[in-house]
Ligand SMILES: Nc1ncnc2c1ncn2[C@@H]1O[C@H](COP(=O)(O)OP(=O)(O)OP(=O)(O)O)[C@@H](O)[C@H]1O
Ligand SMILES: [Mg+2]
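Protein chains in written order, with my numbering: chain A, 17 to 406; chain B, 2 to 335.
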């Protein structure tokens, strides 16, 4: 045991003295987080002002009645006030400034929709209206698209014998399930991260792979450097050497994560990651996952250079698909693969803690990280590659 | 190669050799075999080393020296055969046998970013040295390898010879029972090389057993009490230098160069019992004799008596190079 600690201690000292480890572990990710925060900072400033939407809907048109409901639903998060008005007054309300946006749904909208005629909805924007107009227009567009798709399905259903009286219901249920915009309040254990937090989580998750690389890949380096021969000629079991590298990676990973998350929380507005214990558990799981992946690389790689290149590619790929730079939403098998990405799991997990979740709420992300670790360790064990250390 | 007839360095050497023969066995290697795919790198190698003895493995590139040493040091698991160090079997789950060895790998095995002292201290701790013992041994070794005044510099700033010396120093820090050196002087300038050889001689005097591989026969002759000649993964012969040389038939060569009656000189020496063969090579008589040091005086007398006036007399005794040639039909160095 003391020999293990001697190795870990010396390794860590060497890594910390070696500036590149420090660069990858802390400096570069912090700088990136800072820059990306500056960039999204300008987005944050585009606040959506309160806006009133005047909506005219033909009476008795159940399909058309969906539109104001969608706007109301969106309004909860957006400070939209939806106000019903007769069709002929809508433009006037916009002109005199009592409404920012006017929406007029024409007579026969529902019937046209069912007939597949593609009815027009008229949207009037007040002069000088900025982002709010765009938001309302896109909500209306989204609702129209959903309604069109929904009624087409319904029409198809009708030819198959679904009674026409159920069409509005079908359309509505479609609208409910495929709402174009959802705004959610942060509830306990909800997956919710601000843009800044998302950047912090993604970047920290991505750079972790570089950081842990310094530990385990040092094994490849020692093999190349010849010191591994010497280590193995000493009264040290081979597994102790491997365990020392794993432990070194693990500690490096924990250190860098700790610094990154703490500094980010202190430095950047609006980064609150939630319960330190839950975040800690998540970080431990994440570091374990990253370290175990590095073992696969160390098993397969022939040279330290190869190993470093492979590790960088993996880090960037996982980071990219895990949302270190932008959010990706994929469905199907690709989406499932995305969910198996430890960076994704880590970001989701932080979403849970940020939303007020505790250790017990980490469920799926925790399982993904544990599963990832297990699969990697198994792969490192089974893969053809170096079985003898030397 | 020319050996001076006067002076008898072998006397010293055989004295040490005798002492070693009665000492305890430190290393036993039995029937070692190692294959890499189709290549049998080591094929049934057995030898023993006693305390205080320096044992040489002499062989050309690819002979299987490093592979043999790797099995002895427990880095490679033999396909067949076994190794015991200080009576403890090498291998298996136990690292006990490794406590007794110090390995100096053929390729440098030091951390370039650590200082000489830090390298020594790190490996010393892994060898189980602690506290004042560690500090004291580190200081002693730094002195021995001549790096005491550069102890704080990162080893990457050292010259090739200094790195080599540090590489060796790490191996003997914990005073191993058996020090294993794999071609420690390769790529070292003559001066550093000499100081390395001197250090190794000193260690053996201290009672350390040494396993030394080299493809320089001069080093094997100078350092080793016993030498095994290895080629193609097999030990071709083993013994003291003199024993090995006897294998060639123990014949020496005397070259007589001069003017006057070469034919008469040849006829005169041909009659002598020590002389086996006489060949004329331009103005030189090349004699094959059984024991040059005792035969030289009568031969010179006979030749000059027959009217040959000698300008130069040269004696060559067989060396390990000739032994290797004799055993394998190949030159030691390519
Ligand atoms: N890891 C390995 N994989 C495959 N072949 C190997 C391996 N190690 C050694 N060999 C082969 O085994 C043979 C003996 O090699 P070894 O390194 O033991 O020779 P050596 O006597 O130490 O040579 P040198 O003087 O060049 O160091 C060579 O043919 C070599 O190619
Ligand atoms: Mg070798």
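We put the beta carbon where it would ideally sit given N, CA and C, even for glycine.
- When distances are taken from the beta-carbon of residue 35 of chain B to the heavy atoms of ligand 2, even the shortest one reaches 7 Å or more.
- Nearest CB-CB separation between residue 108 of chain B and chain A: below the 8 Å threshold.
- Note: residue 37 of chain B is bridge-paired with B:40 in the DSSP secondary-structure output.
- Contacts between residue 22 of chain A and chain B, judged by CB atoms closer than 8 Å, involve 123, 126 and 127 in chain order.
- For residue 100 of chain B, the C-beta contacts it makes with chain A under 8 Å involve 251, in order along the chain.
- DSSP, read as helix, strand or coil, puts residue 97 of chain A in strand.
- Between residue 95 of chain B and the set A:251, A:283 and A:44, the nearest pair of CA atoms involves A:251.
- Contact annotation for residue 111 of chain B against chain A: 241, 242, 243 and 246 [CB-CB distance below 9 Å, chain order].
- Inclusion of residue 107 of chain B in the 7 Å shell around ligand 2 follows from its C-beta lying nearer than that to a non-hydrogen atom of the ligand.
- Residue 289 of chain B is bridged by DSSP to B:254 and B:278.
- Check the Cα spacing between residue 32 of chain A and each of B:145, B:28, B:114 and B:244: the tightest is with B:114.
- Judged by beta-carbon spacing, residue 277 of chain A lies beyond the 8 Å limit of residue 382 of chain A, meaning their Cβ atoms are not closer than that value.
- With the criterion set as a beta carbon lying under 8 Å from some beta carbon of chain B, the members of the segment 33 to 49 of chain A are 33 and 34, in sequence order.
- For residue 96 of chain B, the closest Cβ of chain A is nearer than 8 Å.
- Between ligand 2 and the CB of residue 66 of chain B, the shortest heavy atom gap is smaller than 7 Å.
- DSSP, reduced to helix, strand and coil, places residue 214 of chain B within a strand of the structure shown.
- The segment 280 to 335 of chain A is shown to contain whole alpha helix (DSSP H) runs of 4 or more residues at 292 to 316, in chain order.
- Boundaries of the alpha helix (DSSP H) around residue 193 of chain B: 191 to 207.
- At a C-beta separation below 9 Å, residue 318 of chain A has no neighbours in chain B, since its nearest C-beta there lies roughly 16 Å away.
- In this structure, A:313 is the residue among A:304, A:105, A:213 and A:313 with its C-alpha nearest to the C-alpha of residue 237 of chain A.
- Assigned with DSSP and collapsed to three states, residue 266 of chain A falls in helix.
- Within chain A, the residues 249 have their CB atoms less than 7 Å from the CB of residue 74 of chain B, given in chain order.
- Annotation: residue 283 of chain A to residue 289 of chain A spans about 13 Å, alpha carbon to alpha carbon.
- The C-beta of residue 37 of chain B has fewer than 16 other C-beta atoms within 10 Å across all chains shown, which makes the residue exposed.
- The DSSP-derived three-state label of residue 75 of chain A is coil.
- Nearest CB-CB separation between residue 130 of chain B and chain A: not below the 8 Å threshold.
- At least one heavy atom of ligand 1 is found less than 7 Å from the C-beta of residue 62 of chain B.
- In this structure residue 53 of chain A is buried. Its beta-carbon is surrounded by 16 or more other beta-carbon atoms within 10 angstroms.
- For residue 26 of chain A, a Cβ of chain B is located within less than 8 Å of the residue's own Cβ.
- Residue pairing from DSSP places residue 85 of chain B in a beta bridge opposite B:29 and B:90.
- The alpha-carbon of residue 184 of chain B is positioned some 8 Å away from that of residue 216 of chain B.
- For residue 237 of chain B, the secondary structure class from DSSP, reduced to helix, strand or coil, is strand.
- Within 7 Å of the C-beta of residue 233 of chain B there is not a single heavy atom belonging to ligand 2.
- If you look at residue 234 of chain A, you'll find it in the alpha helix (DSSP H) that goes 211 to 241.
- Across the set A:310, A:287 and A:156, the C-alpha of A:156 shows the shortest separation from the C-alpha of residue 88 of chain A.
- For residue 357 of chain A, the number of other beta carbons within 10 angstroms of its own is at least 16, and it is reported as buried.
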